[in-house]
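Here the structure comes first, spelled out in structure tokens, and everything after it is commentary.
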Amino acid sequence: MSNAMQEATVTSKGQVTIPVEMRRALGIADGGPVVFTLGDGMLTLRSARKPSLGELLAGFDPAKHRHTPEERVWDDAPRGKEAL
1 MSNAMQEATV TSKGQVTIPV EMRRALGIAD GGPVVFTLGD GMLTLRSARK
51 PSLGELLAGF DPAKHRHTPE ERVWDDAPRG KEAL
């Protein structure tokens, strides 16, 4: 849902209903936290939900983070009393 735009009405209590499609796209659950940012005459809303560990690791590619042979030797080197 890129560049989606919808209009809403502000109630007398200052409340606005976020359209369900936008809540789903942002992962905002009922009662979920949101963050407002005001700048350059624009109000921005985003989800304040912290990603789960699974979501954080979803883009992690272990192949890109393998050690070089030199680093593996260093990692496998004895430490502490083992080194003596």
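The letter at position 80 of the sequence shown is residue 80 when you use the UniProt record's numbering, and the numbering goes up by one with no holes. The beta-carbon is built from N, C-alpha and C at its ideal position, and this holds for glycine as well.
TODO: Write down the C-beta distance between S52 and V34 rounded to the nearest angstrom, noting that I regard them as a contact closer than 8 Å.
DONE: Actually they are not in contact, since the Cβ atoms of S52 and V34 sit about 18 Å apart, beyond 8 Å.
TODO: Please list, in chain order, all residues of the same chain as P19 whose beta carbon is under 8 Å from its beta carbon, the five residues on each side excluded.
DONE: Cβ neighbours of P19 beyond the five flanking positions: Q6, A8.
Task: Straight-line gap, residue 156 to E71 (C-alpha atoms, nearest Å) - done: Residue 156 is absent from the structure shown; the chain starts at 1 and stops at 84.
Task: Contact set for L45: own chain, Cβ-Cβ below 6 Å, skip 5 residues either direction - done: Closer than 6 Å at the Cβ level, and outside the excluded window around L45, lie V34, F36.
Task: Cα-Cα separation, S38 to D30 - done: Reading off the sequence, residue 38 comes out as Leu, not Ser. Their Cα atoms are separated by approximately 23 Å.
TODO: Give a yes or no on whether the C-beta atoms belonging to G27 and R49 are separated by under 8 Å.
DONE: Cβ distance < 8 Å, so G27 and R49 count as in contact.
TODO: Please name the residue or residues paired with G39 in a DSSP beta bridge.
DONE: M42, per the DSSP bridge assignment.
Open item on the list: Using DSSP's beta-bridge definition, name the partner residues of S52.
Closed with: Paired residue(s): none; S52 is not in a bridge.
Open item on the list: Could you pull the DSSP bridge partners for S47 from this structure?
Closed with: Bridge partners of S47: V34.
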